[in-house]
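Shown next, in structure tokens, is the structure this report addresses.
Residue numbers (this note's numbering), protein chains in the order written: chain Z, 53 to 273; chain C, 31 to 113.
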């Protein structure tokens with residue numbers, strides 16, 4: 053495990069992309085062993101001008117909780133466990149989907165400051181056409197909403213120095229991108245049609261930003 | 031050549047999505063690749079696929095054959111097919 057600070061808070065992050073499970077069983081000559089994958093500083097992208105890139109867990113057990121939750125999530129057979137931040141004003145949930153460091157938690161934090169209610173920091177459940185809240189890890193929201201309909205999905209991408217781009221995605225284009233961010237895909241892949249149905253009439257945007265206000269402008273309305 | 035065992039498919043309005051659960055990854059095929067995949071799954075011989083593809087997409091047989099070769103190469107490269 054390697055954590056480097058270099059004057060910034062850089063370290064372990066909560067979400068793990070599909071291909072990068074933090075825990076996996078590997079076969080060795082001595083038998084099966086649990087492999088724990090921990091990202092090093094060099095695997096992170098350090099963006100200039102952003103002071104906090106990832107918030108490392110303060111305690112080792114926070115990280116263990118992330119890992120445990122991830123392992124449990126992978127075998128969950130209920131709804132679609134989506135790697136996303138989510139907020140709502142009670143008129144439909146807005147989801148922020150993106151890779152680690154893309155600004156999901158930041159978007160949720162900004163939205164909470166603007167009066168939105170918390171629904172998820174890096175995971176939400178999509179089930180029966182609705183979005184269900186998931187517990188926060190680093191945020192401490194005072195106002196939350198347990199469930200809501202789905203209103204908008206924003207794929208957020210940080211592109212330093214680039215002009216802001218907002219693209220509206222068709223349902224067909226959005227589905228693969230969403231599937232890539234589902235923790236329990238192994239269990240729910242056969243129900244992709246259900247997910248497609250959920251996206252009926254839902255706004256799906258891809259926002260590439262260099263200034264975070266562009267995310268607020270394009271997603272939080 | 032046939033699809034590797036253990037792959038799961040879902041058909042969406044933009045084409046097939048293949049889920050390789052062993053490697054935990056998703057491959058999204060566009061409409062033409064999805065068409066070729068369906069033909070391949072039906073066990074059609076290459077010549078018949080080329081003929082159908084050429085007819086349905088309005089391209090010459092040479093282009094159709096090249097597209098099929100590209101598709102098969104991609105499927106091999108991604109480890110999605112076995113002989």
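Beta carbons: idealized from backbone N, C-alpha and C, even for Gly.
8 Å Cβ cut-off: residues of chain C touching residue i
i                      : result
residue 150 of chain Z : Within chain C, no residue comes near residue 150 of chain Z; the closest Cβ sits about 16 Å away, beyond 8 Å.
residue 244 of chain Z : 40, 42 and 47
residue 241 of chain Z : 38, 40, 49 and 51
residue 177 of chain Z : The premise fails here: residue 177 of chain Z is roughly 20 Å from chain C at the closest Cβ pair, so nothing lies under 8 Å.
Where residue i meets chain C, residues with beta-carbon distance less than 9 Å
i                      : result
residue 230 of chain Z : Per Cβ cutoff of 9 Å: no residues; residue 230 of chain Z is ~10 Å from chain C at best.
Integer-rounded CB distance, given that residue j should sit under 8 Å from residue i
i                     : j                      : result
residue 33 of chain C : residue 71 of chain C  : 7 Å
residue 79 of chain C : residue 103 of chain C : About 15 Å separates the two Cβ atoms, so there is no contact after all.
Proximity winner among the options, relative to residue i (alpha-carbon distances)
i                      : options                       : result
residue 271 of chain Z : Z:187, Z:186, Z:206 and Z:232 : Z:206
residue 225 of chain Z : Z:127, Z:138 and Z:258        : Z:258
residue 117 of chain Z : Z:222, Z:131, Z:185 and Z:190 : Z:190
residue 178 of chain Z : Z:212, Z:128, Z:161 and Z:221 : Z:128
residue 63 of chain C  : C:31, C:52 and C:44           : C:44
residue 135 of chain Z : Z:254, Z:246, Z:241 and Z:234 : Z:234
residue 162 of chain Z : Z:140, Z:151, Z:182 and Z:180 : Z:140
residue 181 of chain Z : Z:175, Z:203, Z:192 and Z:165 : Z:203
residue 57 of chain C  : Z:269, Z:229 and Z:248        : Z:229
residue 122 of chain Z : Z:146, Z:171, Z:138 and Z:176 : Z:176
residue 49 of chain C  : Z:166, Z:219, Z:222 and Z:242 : Z:242
Residue environment, residue i, which counts as buried when at least 16 other CB atoms sit within 10 Å
i                      : result
residue 156 of chain Z : buried
residue 214 of chain Z : exposed
residue 195 of chain Z : exposed
residue 87 of chain C  : exposed
residue 53 of chain C  : exposed
residue 236 of chain Z : buried
residue 273 of chain Z : exposed
Where residue i meets chain C, residues with beta-carbon distance less than 7 Å
i                      : result
residue 224 of chain Z : 42, 43 and 44
residue 238 of chain Z : 51
residue 248 of chain Z : 42
Residues near residue i in its chain [Cβ-Cβ closer than 6 Å; skip 5 each side]
i                      : result
residue 102 of chain Z : At residue 102 of chain Z, the pLDDT of 37 sits below 50, so the modelled position is not reliable; the number obtained from the coordinates is stated separately. Excluding positions up to five away in sequence, the list is empty.
residue 261 of chain Z : 216 and 267
residue 264 of chain Z : none
Proximity test, residue i beta-carbon vs the ligand ATP heavy atom, cut-off 6 Å
i                      : result
residue 173 of chain Z : The ligand ATP is not part of the structure shown, which contains no ligands of any sort.
Residue i: contacting residues in chain Z (beta-carbon distance under 7 Å)
i                     : result
residue 56 of chain C : 228, 231 and 232
Own chain residues within Cβ distance below 7 Å of residue i, not counting five before or after
i                     : result
residue 51 of chain C : 36 and 38
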